[in-house]
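For the record, the sequence lines run as chains W and V.
Under the numbering used here, think of the first position of the first sequence as 1, with each following residue one higher.
Under the numbering used here, think of the first position of the second sequence as 1001, with each following residue one higher.
Even glycine gets a Cβ: it sits at the ideal position worked out from N, Cα and C.
Only a predicted model underlies this, so the values are computations on that prediction, with no experimental measurement involved.
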Amino acid sequence: MIPVLIIPVLNRYDLLDQALSSINYPVQEILIINNGVEKYISKKENLNVRVLNLPSNLGVSASWNLGIKLYPHAPYWLFSSTDLTFGEDSLKKFNDFAGSKNHVKSNVSYSCFTVGEDIVRKIGLFDEYIYPAYFEDNDYDDRMVLAGMKEFMLSPGIHMEQLGGTPSQTIKSDAELMSANNKTFNLNERYYKHKKETGDYSVKGWDLNRRRENEWLR
Amino acid sequence: MDFPDYDCVILEPSSDENVSSIPVLIYPVLNRFDLLKKSLQSIDHPIDEILIINNSSDNDNTIGLQEEFSHLNIRVLDLPSNLGCSGSWNLGIKLYPHAPYWMFGSADTSANPGTFKEFAAQSGKDRAVFIEGVQFSLFSIGEDIVAKTGLFDEYIYPAYYEDEDYTERFYLDGFKIHLLSNASADTGGVSQTIKSNQSFQKINDSISHEANRDYFNNKKAIGDYTPKGWDLDRRRMNEWLK
Chain W
1 MIPVLIIPVL
11 NRYDLLDQAL
21 SSINYPVQEI
31 LIINNGVEKY
41 ISKKENLNVR
51 VLNLPSNLGV
61 SASWNLGIKL
71 YPHAPYWLFS
81 STDLTFGEDS
91 LKKFNDFAGS
101 KNHVKSNVSY
111 SCFTVGEDIV
121 RKIGLFDEYI
131 YPAYFEDNDY
141 DDRMVLAGMK
151 EFMLSPGIHM
161 EQLGGTPSQT
171 IKSDAELMSA
181 NNKTFNLNER
191 YYKHKKETGD
201 YSVKGWDLNR
211 RRENEWLR
Chain V
1001 MDFPDYDCVI
1011 LEPSSDENVS
1021 SIPVLIYPVL
1031 NRFDLLKKSL
1041 QSIDHPIDEI
1051 LIINNSSDND
1061 NTIGLQEEFS
1071 HLNIRVLDLP
1081 SNLGCSGSWN
1091 LGIKLYPHAP
1101 YWMFGSADTS
1111 ANPGTFKEFA
1121 AQSGKDRAVF
1131 IEGVQFSLFS
1141 IGEDIVAKTG
1151 LFDEYIYPAY
1161 YEDEDYTERF
1171 YLDGFKIHLL
1181 SNASADTGGV
1191 SQTIKSNQSF
1201 QKINDSISHE
1211 ANRDYFNNKK
1221 AIGDYTPKGW
1231 DLDRRRMNEW
1241 LK
């Protein structure tokens, strides 16, 4: 059984419903971190779904981190975006390959992945200075490689069906978000590139001014 | 904790009649939801939003709360585990990033009449506002402090010494403790959260209190208050809800 599946969502609740409907493998608890303005109520009575309807957008890093913090005893955490469906045996494969040591990605990379407890223990959490989205994943990969954990980064050919490509459906579905992302993408990229150039991957973490500067939902 | 080692600014009673609302009041709660209700009943000044962070891992504890207090704008987050004190306060700050200041309450603390109005009148972006003797059971922290000092240190889990640590840090950053002279609250003396649960008391006494104290004392001894932040092993070691 998968211990926990964490899904942050900002909009397109229709896609979230589709994603949940496609779950075909036992998951102990599903955590929906609703960062959007619309209240979400799960209709999936056959699944153990917990919804946190938040008053603002925590962003990707902080949502993933919140999921880890809220299930501190899990051997690994599975994360997913809303704009994909779990095909055939994808969840079973995740459970087979995941575990405490590994970081398992599907064909859609960080749109559906696991992180094991040994990795969180050594690498720590995602960098919340990166807000609200993009480059938190590159940063985490680099930190793993730098810590000598490359051998635990697995891509065992798990196939997920995802709608469209980059940018995500979250952004594509809202012109305002698309415009806001044009700015924040560059800021996050600059921060990430600076880390890469200097080789200093210290985690700055959540910062009030950065959070305000990169606001998407005004 | 007390504030004997710090220069404090005593705030004279506000004479302002047109006091604006409090932007947000954040309540982490682990048990004693009866006391939380009593605390909510003591609110006598407009608050834009009240965030209840239910750390008890039991959703039943908050059923009916919003209906019972329909005159207040309450949002409840029923969490599957205990984020702890630092983690809950930080979550509140992160979720209301545009607030000029954040006010925090405790389930076991009820304000006396006029206290919330005083907080609303005297809180501000560069102030940490407290009531003598109540301390971190009912307080506010301004945006300038969070911008400079940062968040509470989540390495400290689940409770105790996060308050002393933060006080040291914001004081070293040049911010003052502001004490309300015209406000009071009933805290019941000791934390009812622990007093009401033998298991919490036992783990706090045998593991987490000492671990947090040692961590804080070490910071103090070396004069380096850099937050270590949330840590998986530390979180697991100091678990209260086994």
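Among the options, nearest to residue i - alpha-carbon criterion
i: proline 1004 of chain V; options: V:Asn1090, V:Thr1167 and V:Asp1224; result: V:Thr1167
i: phenylalanine 1136 of chain V; options: V:Asn1212, V:Ala1099 and V:Ser1106; result: V:Ser1106
i: asparagine 1059 of chain V; options: V:His1071, V:Phe1069, V:Glu1068 and V:Ser1081; result: V:Ser1081
i: valine 1190 of chain V; options: V:Gly1174, V:Ala1147, V:Gly1087 and V:Val1134; result: V:Val1134
i: lysine 1072 of chain V; options: V:Asn1061, V:Glu1239, V:Ser1042 and V:Ala1099; result: The question names lysine, but residue 1072 of chain V in the sequence shown is leucine. Nearest option by C-alpha distance: V:Ser1042.
i: tyrosine 1225 of chain V; options: V:Asp1231, V:Phe1216, V:Val1029 and V:Leu1138; result: V:Phe1216
i: asparagine 186 of chain W; options: W:Tyr134, W:Lys69, W:Ala147 and W:His73; result: W:Tyr134
i: asparagine 138 of chain W; options: W:Glu151, W:Met149 and W:Phe126; result: W:Phe126
i: proline 26 of chain W; options: W:Asp89, W:Asn181, W:Ala62 and W:Asn11; result: W:Asp89
i: proline 1023 of chain V; options: V:Leu1083, V:Ile1093 and V:Leu1232; result: V:Ile1093
i: lysine 1117 of chain V; options: V:Phe1200, V:Gly1229, V:Pro1046 and V:His1209; result: V:Pro1046
i: serine 1208 of chain V; options: V:Phe1104, V:Ser1021, V:His1178 and V:Glu1239; result: V:Glu1239
i: leucine 91 of chain W; options: W:Pro8, W:Leu20 and W:Ile32; result: W:Leu20
i: leucine 1172 of chain V; options: V:Lys1202, V:Leu1241 and V:Ile1145; result: V:Ile1145
i: leucine 1241 of chain V; options: V:Ala1099, V:Ala1159 and V:Asp1016; result: V:Ala1159
i: serine 1086 of chain V; options: V:Val1029, V:Glu1049, V:Glu1017 and V:Lys1148; result: V:Val1029
i: serine 1057 of chain V; options: V:Gly1084, V:Ile1050 and V:Leu1035; result: V:Gly1084
C-beta neighbour in chain V for residue i, strict 8 Å
i: alanine 19 of chain W; result: no
i: proline 75 of chain W; result: no
i: leucine 146 of chain W; result: no
i: asparagine 209 of chain W; result: yes
i: tyrosine 201 of chain W; result: no
i: tyrosine 140 of chain W; result: no
i: valine 115 of chain W; result: no
i: tryptophan 216 of chain W; result: no
i: glycine 205 of chain W; result: yes
i: lysine 44 of chain W; result: no
i: glutamate 29 of chain W; result: yes
i: leucine 177 of chain W; result: no
i: valine 120 of chain W; result: yes
i: arginine 212 of chain W; result: yes
i: leucine 163 of chain W; result: no
i: tyrosine 129 of chain W; result: no
i: lysine 39 of chain W; result: no
i: lysine 69 of chain W; result: yes
i: proline 3 of chain W; result: no
i: leucine 125 of chain W; result: yes
i: proline 167 of chain W; result: no
Three-state secondary structure (DSSP) of residue i
i: alanine 1107 of chain V; result: coil
i: tryptophan 77 of chain W; result: strand
i: aspartate 127 of chain W; result: coil
i: histidine 1178 of chain V; result: strand
i: isoleucine 1131 of chain V; result: coil
i: serine 1140 of chain V; result: strand
i: tyrosine 1027 of chain V; result: strand
i: tryptophan 1102 of chain V; result: strand
i: glutamate 1154 of chain V; result: coil
i: serine 1014 of chain V; result: coil
i: glutamate 1239 of chain V; result: coil
i: aspartate 14 of chain W; result: helix
i: glutamate 1049 of chain V; result: strand
Min CB distance residue i to chain W below 8 Å
i: tyrosine 1096 of chain V; result: yes
i: glutamate 1049 of chain V; result: yes
i: valine 1009 of chain V; result: no
i: phenylalanine 1159 of chain V; result: Residue identity check: residue 1159 of chain V is alanine in the sequence provided, not phenylalanine. So no, alanine 1159 of chain V is outside the interface.
i: alanine 1147 of chain V; result: yes
i: leucine 1151 of chain V; result: yes
i: glutamate 1143 of chain V; result: yes
Identified DSSP bridge partners for residue i
i: asparagine 34 of chain W; result: W:Val9 and W:Asn53
i: methionine 153 of chain W; result: W:His103
i: aspartate 1078 of chain V; result: V:Asn1054
i: glutamate 29 of chain W; result: W:Val4
i: threonine 114 of chain W; result: W:Leu78
i: glutamate 213 of chain W; result: DSSP, once it has assigned bridges, lists no residue as partnering glutamate 213 of chain W.
i: leucine 84 of chain W; result: W:Gln162
i: alanine 1185 of chain V; result: V:Ala1111
i: serine 109 of chain W; result: W:Ser106
i: isoleucine 23 of chain W; result: Paired residues: none, contrary to the question.
i: cysteine 1008 of chain V; result: V:Ile1177
i: isoleucine 1022 of chain V; result: V:Ile1047
Item to complete: Check distances from the C-beta atoms of the segment 1076-1106 of chain V to those of chain B and list, in chain order, the residues that come in under 7 Å.
Response: Annotation note: the requested chain B is absent from the structure, which comprises protein chains W and V.
Worksheet item: Along the segment 47-62 of chain W, what residues have a CB closer than 8 Å to any CB found in chain V?
Response: Result list: Arg50, Leu52, Asn53, Leu54, Pro55, Ser56, Leu58 and Ala62.
Discussion item. So if I threshold CB-CB distances at 7 Å, which residues from the segment 1225-1241 of chain V count as touching chain W?
Written reply: If the cut-off is 7 Å between Cβ atoms, the segment 1225-1241 of chain V has Gly1229, Trp1230, Leu1232, Asp1233, Arg1235 and Arg1236 near chain W.
Fill in: Interfacial residues, the segment 74-96 of chain W to chain V, with Cβ spacing under 7 Å
Answer set for the segment 74-96 of chain W: empty.
Worksheet item: According to a CB-to-CB cut-off of less than 8 Å, which residues of the segment 173-198 of chain W neighbour chain V?
Response: Nothing from the segment 173-198 of chain W brings a Cβ to less than 8 Å from some Cβ of chain V.
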